[in-house]
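There are 2 protein chains.
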Amino acid sequence: MSLESDIIASLQRVRAGGRELALCSSAVKNGALARLADALRRAQAAILSANGRDLEQARAQGVRPAFLERLTLNPARIEAMALSVEQVAALPDPVGEVIAGWRRPNGLEIMQVRVPIGTIAIVYESRPNVTIEAAALALKAGNGAVLRGGKESLVTNRMLAELIGESMGQAGAPADALFFVPTPDRDVIRILKHSTKLIDLIIPRGGASLKEALAGSEVPVLPHFDGICHVYVDRSADPAKAEEICFNAKCSRPSVCNAMENLLVHAAVAESFLPRLAARMAPLKVELRGCPRTRAILKEVHPATEEDWDTEYLDLILSIKVVDSLDEAIGFIARHGSGLADAIVTEDLSAASRFEHEVDSATVYVNASTRFTDGFEFGFGAETGISTNRLHARGPMGLRELTTYKYVIRGSGQVRI
Amino acid sequence: MSLESDIIASLQRVRAGGRELALCSSAVKNGALARLADALRRAQAAILSANGRDLEQARAQGVRPAFLERLTLNPARIEAMALSVEQVAALPDPVGEVIAGWRRPNGLEIMQVRVPIGTIAIVYESRPNVTIEAAALALKAGNGAVLRGGKESLVTNRMLAELIGESMGQAGAPADALFFVPTPDRDVIRILKHSTKLIDLIIPRGGASLKEALAGSEVPVLPHFDGICHVYVDRSADPAKAEEICFNAKCSRPSVCNAMENLLVHAAVAESFLPRLAARMAPLKVELRGCPRTRAILKEVHPATEEDWDTEYLDLILSIKVVDSLDEAIGFIARHGSGLADAIVTEDLSAASRFEHEVDSATVYVNASTRFTDGFEFGFGAETGISTNRLHARGPMGLRELTTYKYVIRGSGQVRI
């Protein structure tokens, strides 16, 4: 059998299994999750041994230490996976929620009811915990799931996928609703992205190469690729808040999409604020790049090029621009931001209102760090990515964002006149 | 200038105009709509004269009478357009609605606020009223709009688009936010469907040839193409209700997507129900096609082929199948339905519950006609199509379905730990 017909057959099984899973009660789904948490703990030694084989292979291929670190499991990380599964089990079931309901003049009762999307493919890089977390969320939301992880964690992921399938089966949930792609063949992505009848949504979790591989997808792709986030320090900003927020937005975890890349500072406060911020960031050796007016204040700063304003560094690098007005800041963000997370620091009510209203990003902050753009920080109890899409879901995605709805209409013989 | 660069320049103007429109108050938007309603009434003679030129051309090309009928305007139809614009003005503004809001333990206040999607392209066939209705809805929801109508109504549409632009300008709304494509060149569709940076959503309103033209679109397309709707008459159905609902679902307007195409009848009631229905439909000369068991009851019925179960007739043709159980009916609908609208007629509570729960269509009816799948019948006060998509919007689409949301987060200096 060819790879393609093999994959298609598996996707058809996921479709059928997903239909069954969509009708499973919360009790069955939560039962499967509870068994999975147990299985992860009981199989700790076997998981570590599988992971050891992946690590050995990866070392032999000379992958970077940071990559190796993400790939590595240990007892604490396995316990964290088990806990995350238990947390998903504890979340309210989104399926069956009546979102809205009303009665029409002719007596028809219309209810808008939350239901699973169908089949979701999650394509990710090599952190094995994504296998568990993505599967747990898809299962809880009643969706069939196709998991396609990085080739370096294939042995670990295959073992984890087996545990998921067994746990589902034992709890009376359809194990077929989950399919872990057991081959690293890149051709699989091409097959997935053209399977419009069998996959309803692809969620990528990874970098530029994944984006490229998914280009031209006929199946809708919910991207969360670029995070070019801004903080604008207004003329009325409280300097202490501004310092804390900027430091947190840039330095608390520079490698993530909600970290600040561009800082805008109002000209009226630039001379006092910029040296203060530079001093605060100096111990972390943050590389500052600035516009000419920034460099007139901070002499040691490198010049920022036009390209800098559009670059997601994901590193301890910060581009700084001095602006003359709130309008200039809002215009700059519209041109250079990626629409993920942007913040204003201000004590001025009208500036705050205008920023909230006019900055069209998925998450817009007043006096808080952009780093809060995260499903857990939003209180969703889970996260399946952060969307900068303008359709379906926008911003942090939790369980609800893995659902759609249908209308149930109850009548007593009504016909349309 | 080439067609492509010309269109792209117009789309860029729409993007900029749309950003401005997104920030316009309800008063400004409603003012533009009020002016448009007035303008339609005042320009009646000019509109009819433009329409006359289209009709003349169409007649010369020998188009079908039904097509000509849809293309034709008269004073009553122009008044209907003006009224529909006034109705949209009277609807609540979806933009700015706070969908949800909550406070986090750290004091952050999170609000989910409804905002426009951005730029929407509406691609439609030759009914000129779509120009007015689509523009009014896009405007009210704060979206930039690209309108691409059929070539046969080009003169009429161009005139209507001018009135829209003038009304917007007079009311202080950005006329640039609306762009009517002034050429019938099919190449425009190719340009639109690859303009991912400039168009956020394409809504097609038309048939198979439009579907084909939009294949491979990189811009998301919200389709509402196929309507293969079922009515299942359960063994416990009230025969009078079943007769009324089936007659209404098939015959009240057979040319629309929410009309019934396949009828399923439980074996226990087929012998009594089918002759009754056939008699009711006889005066309208509905062509019945049936499975062998149907044909054993209704001798004059043509045999239904496998293809019949998957065909949207949009005509006075009905395929009938006798089934042995609710399970068989639900399974049949899963295989042959298009997921738009399906109904059960039953007096049995558990059959009704199972049908509601297990039939996964955008609209699922108990004891009511599928013909209610419609934005106006749902009480939305407007309609921009009916979606069978599983992402973004599903079912009848009103104003809200032309929006997305953003999160506004208010803090007092919070940083992420």
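Going line by line, the protein sequences match chains A and B. Numbering-wise, my numbering puts 928 at position 123 of the first sequence, and it's gapless, one number per residue. Numbering-wise, my numbering puts 1141 at position 336 of the second sequence, and it's gapless, one number per residue. Backbone N, C-alpha and C fix where the C-beta goes; we use that ideal spot for every residue, glycine too.
- Determine the contact status of residue 1210(B) and residue 1159(A), defining contact as a CB-CB distance below 8 Å. no
- Output the residue ranges of the alpha helix (DSSP H) runs that lie fully inside the stretch 1067 to 1093 of chain B and measure 4 residues or longer, sorted by chain position. 1072 to 1086
- In the structure shown, what three-state DSSP assignment does residue 1051(A) receive? helix
- Neighbourhood of residue 987(A) by C-beta distance below 7 Å, restricted to the same chain and skipping five residues each side: 963
- Quick one: grab the DSSP three-state call for residue 880(A). helix
- Proximity winner among 1068(A), 953(A) and 875(A), relative to residue 815(A) (alpha-carbon distances): 953(A)
- Whole angstroms is fine: what's the gap from residue 1156(B)'s alpha carbon to residue 1206(B)'s? 32 Å
- Item | CA nearest to the CA of residue 1152(B), picked from 1216(A), 892(A) and 1047(A) | 1216(A)
- Please work out which residues of its chain come closer than 6 Å, Cβ to Cβ, to residue 1056(A), disregarding the five sequence neighbours upstream and downstream, and give them in chain order. 1089
- residue 1141(A) - containing alpha helix (DSSP H), residue span: 1131 to 1141
- Task: Go ahead and label residue 1011(B) buried or exposed: buried means 16 or more other beta carbons lie within 10 angstroms of its beta carbon, across all protein chains shown.
- Result: buried
- Message: I want to verify the contact list: residues of chain A whose CB lies under 7 Å from the CB of residue 1197(B), in sequence order.
- Response: 1196 and 1197
- Query: Which residue's Cα is closest to the Cα of residue 925(A): 1018(A), 955(A) and 1000(A)?
  - Reply: 1000(A)
- Since residue 1024(B) meets chain C, which of its residues come closer than 7 Å, beta carbon to beta carbon? Absent from the structure: chain C. Protein chains present are A and B.
- Contact set between residue 1162(A) and chain B, taken where Cβ atoms lie within less than 8 Å: 828
- Item | Exposure of residue 1143(A), with buried meaning 16 or more beta-carbon neighbours within 10 Å | buried
- Can you check whether the CB of residue 949(A) is closer than 8 Å to the CB of residue 836(A)? no
- Message: 8 Å is my cut-off, CB to CB: does residue 1173(A) come that close to chain B?
- Response: yes
- Segments of 3+ residues assigned as beta strand (DSSP E) that fall wholly inside the stretch 974 to 1057 of chain A: 983 to 985, 1006 to 1010 and 1034 to 1038
- Would you please verify whether the beta carbon of residue 1114(A) is less than 8 Å from any beta carbon of chain B? no
- Where the alpha helix (DSSP H) containing residue 833(A) begins and where it ends: 831 to 847
- Item | Identity of the residue in 870(B), 830(B), 1098(B) and 1136(B) nearest residue 825(A) by Cα | 1136(B)
- Is there at least one Cβ from chain B nearer than 8 Å to residue 1176(A)'s Cβ? yes
- Item | Short Cβ contact (8 Å threshold) for residue 1070(A) with residue 1122(A) | no
- Query: Short check: CB of residue 1033(A) to CB of residue 1141(A), under 8 Å?
  - Reply: yes
- Query: Under the rule that 16 or more other beta-carbon atoms within 10 Å means buried, what is residue 1077(B), buried or exposed?
  - Reply: exposed
- Item | residue 1200(B): contacting residues in chain A (beta-carbon distance under 9 Å) | 917, 1210, 1211 and 1212
- Query: Among 1096(A), 1133(A) and 1172(A), which has the Cα closest to the Cα of residue 1054(A)?
  - Reply: 1172(A)
- Message: Between residue 1005(A) and chain B, is any beta-carbon pair separated by less than 8 Å?
- Response: yes
- If we count Cβ pairs, one from each stretch, closer than 8 Å, do we get three or more for the stretch 928 to 940 of chain B versus the stretch 1000 to 1009 of chain B? yes
- Query: Taking Cβ positions only, does residue 1183(B) come closer than 8 Å to chain A?
  - Reply: yes
- Residue-chain proximity (residue 834(B), chain A), Cβ-Cβ < 8 Å: no
- Message: Strictly below 8 Å CB to CB, what residues from chain B border residue 1167(A)?
- Response: 1211 and 1212
- Message: For residue 1085(B), would you say it is in contact with chain A, using Cβ-to-Cβ distances shorter than 8 Å as the test?
- Response: no
- Compare the Cα-Cα distances from residue 833(B) to each of 972(B), 992(B), 913(B) and 863(B) and report the closest residue. 972(B)
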